[in-house]
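Working notes, beginning with the structure itself.
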Amino acid sequence: MKPHDDIDGDVYVSPRYLARATAIGDPGLDPLRDLGWELHNDDLGNAYLNAPDRKVRLGYLPEGDDDGLWRINAYKDPFGPPVWGACFNDSCPTEFVTAFTTALAEAYEQGPASYLARPVSGSNDRDPFLAVAPLINRGWRLDRPRWGAFAVHSPDGLAGLEYTVGDLDPEAELTTRDARWQLWAGTSIDRPYWYATATTDTPVALLKAVTESVSDPTPLPRWRDDTYSYVKNMAQLIPITPPPPPAPTPLDVQRAAARQPAPRPATSVPRWSTTSRPALPSRR
3 MKPHDDIDGD
13 VYVSPRYLAR
23 ATAIGDPGLD
33 PLRDLGWELH
43 NDDLGNAYLN
53 APDRKVRLGY
63 LPEGDDDGLW
73 RINAYKDPFG
83 PPVWGACFND
93 SCPTEFVTAF
103 TTALAEAYEQ
113 GPASYLARPV
123 SGSNDRDPFL
133 AVAPLINRGW
143 RLDRPRWGAF
153 AVHSPDGLAG
163 LEYTVGDLDP
173 EAELTTRDAR
183 WQLWAGTSID
193 RPYWYATATT
203 DTPVALLKAV
213 TESVSDPTPL
223 PRWRDDTYSY
233 VKNMAQLIPI
243 TPPPPPAPTP
253 LDVQRAAARQ
263 PAPRPATSVP
273 RWSTTSRPAL
283 PSRR
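Residue numbers (this note's numbering): 3 to 286.
Here's what the structure looks like:
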């Protein structure tokens, strides 16, 4: 199997939030599969991961009913409604999903007090602003796009995070884009290139992992032909040069020498000497 850390593409896309999703979802699933979470597939090709205690569930839904490719929910009671939920649509760069599931794996190992930790304003480690801080620290600017919400936008205006204040419908948060948190890229939040949402009680540590990944200045490798045409005019596409061949090891040198043909014996070259027969006189 191809390692996920191999470069898979012919260009680097910068800024990284203008890249699109990768062709496979394995990198997003692996942090939880590595913990022994149970994986099931349906006949359509959708994949489902369940935590051992059934209190966290992930669905990878390429054949789902809408464009929500990734849906992650957590429960206090496995048979009750979700405590929190997050959704990444089918165009969201897979690296952002992987950042979320990696943080979720760490929180799950710490126990319910971590992966069910509600955000608390003013808390040292659970204040919602902690999820916004990575964006502010990397030059994203604050905005008030509408009443009842605040937002931060990337310096080029092509990505944003919007936080809605006030009371929200828990069911709508889980099933629509009307959630507490919405992260997106594009020229408009109404028609984004990709989006991700998270409900009110999503742990701050998981959200912070995503915003750190989104604002990371490191570009992402992609295939030029798979990059959206309208993004090509806005993103910087840097060709990926093939890696140089590895330096030969002493064993390589030894093997190469063994494959060389044996040297031929030197050909004898006649030399003039004092015993050589004198030249015949020329004809007059």
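Here a beta-carbon is modelled for each residue, glycine too, at the ideal position from N, C-alpha and C.
| Item | Value |
| --- | --- |
| Who are the near neighbours of A211 in its chain, counting only those whose CB is closer than 7 angstroms to its CB and skipping five residues on each side? | A101, F102, T104 and A105 |
| Does DSSP put T166 in a helix, a strand or coil? | strand |
| Opposite E40 in the DSSP bridges: which residues? | N52 |
| With a cut-off of 8 angstroms on the beta carbons, I'd call A88 and T199 a contact; round off their distance for me. | 7 angstroms |
| For Q184, count neighbouring C-beta atoms within 10 Å of its own C-beta (all shown protein chains included) and say buried if the count is 16 or more, exposed if not. | buried |
| Pick from D192, T189, W196 and D203: whose alpha carbon is nearest that of R182? | D203 |
| Which same chain residues end up closer than 7 angstroms to A133 when comparing Cβ atoms and leaving out the 5 residues on each side of it in sequence? | V206, L209, K210 and T213 |
| Whose C-alpha, out of Q262, P80, I138 and R18, is nearest the C-alpha of S93? | R18 |
| If you scan the region 120-183 from start to end, which runs of the beta strand (DSSP E) of 3 or more residues do you find wholly inside it? | 143-145, 151-155 and 161-166 |
| How long is the line joining the alpha carbons of T189 and A119, rounded to whole angstroms? | 34 angstroms |
| Where G159 and I191 are concerned, what is the direct C-alpha to C-alpha distance, given to the nearest angstrom? | 11 angstroms |
| Locate the beta strand (DSSP E) running through L239, then write down its first and last residues. | Q238 to P241 |
| Let me check you understand the geometry: is the CB of P172 closer than 7 angstroms to at least one non-hydrogen atom of the ligand PLP? | Summarising the ligand content, the structure contains no ligands, and the ligand PLP is consequently not present. |
| Under DSSP, the alpha helix (DSSP H) around V99 begins and ends at which residues? | T96 to Q112 |
| Please return the same chain residues whose Cβ sits closer than 7 angstroms to the Cβ of P64, not counting the five positions on each side in sequence. | G47, N48 and L71 |
| Measure the Cβ-Cβ separation of E40 and S215 and say whether it is below 8 angstroms. | no |
| Among P121, D129 and W186, which residue has its Cα nearest to the Cα of V2? | This structure does not reach residue 2, given that the chain is present from 3 up to 286, and the question cannot be answered. |
| Provide the residue span of the alpha helix (DSSP H) that contains P85, from first to last. | It should be noted that the sequence gives Val, not Pro, for residue 85. Element bounds for V85: n/a, residue is neither H nor E. |
| Between which two residues does the alpha helix (DSSP H) holding A207 run? | V206 to S217 |
| Taking the alpha helix (DSSP H) that Y35 belongs to, which residues open and close that run? | The residue you asked about is not Tyr; residue 35 is Arg in the sequence shown. Residues D28 to R35. |
| How far does the beta strand (DSSP E) with R193 in it extend, from its first residue to its last? | R193 -> no beta strand (DSSP E), and no H or E assigned at all. |
| Use the C-beta contact count for W142: other C-beta atoms within 10 angstroms, 16 or more gives buried, fewer gives exposed. | buried |
| Who are the near neighbours of H6 in its chain, counting only those whose CB is closer than 6 angstroms to its CB and skipping five residues on each side? | Low confidence applies to H6: its pLDDT is 45, below 50, so where it sits in the model is not reliable enough to give any reading. |
| Could you pull the DSSP bridge partners for A25 from this structure? | None; A25 has no bridge partner. |
| Once you ignore the five residues that flank L37 on each side, which residues in its own chain have a CB closer than 6 angstroms to its CB? | A107 |
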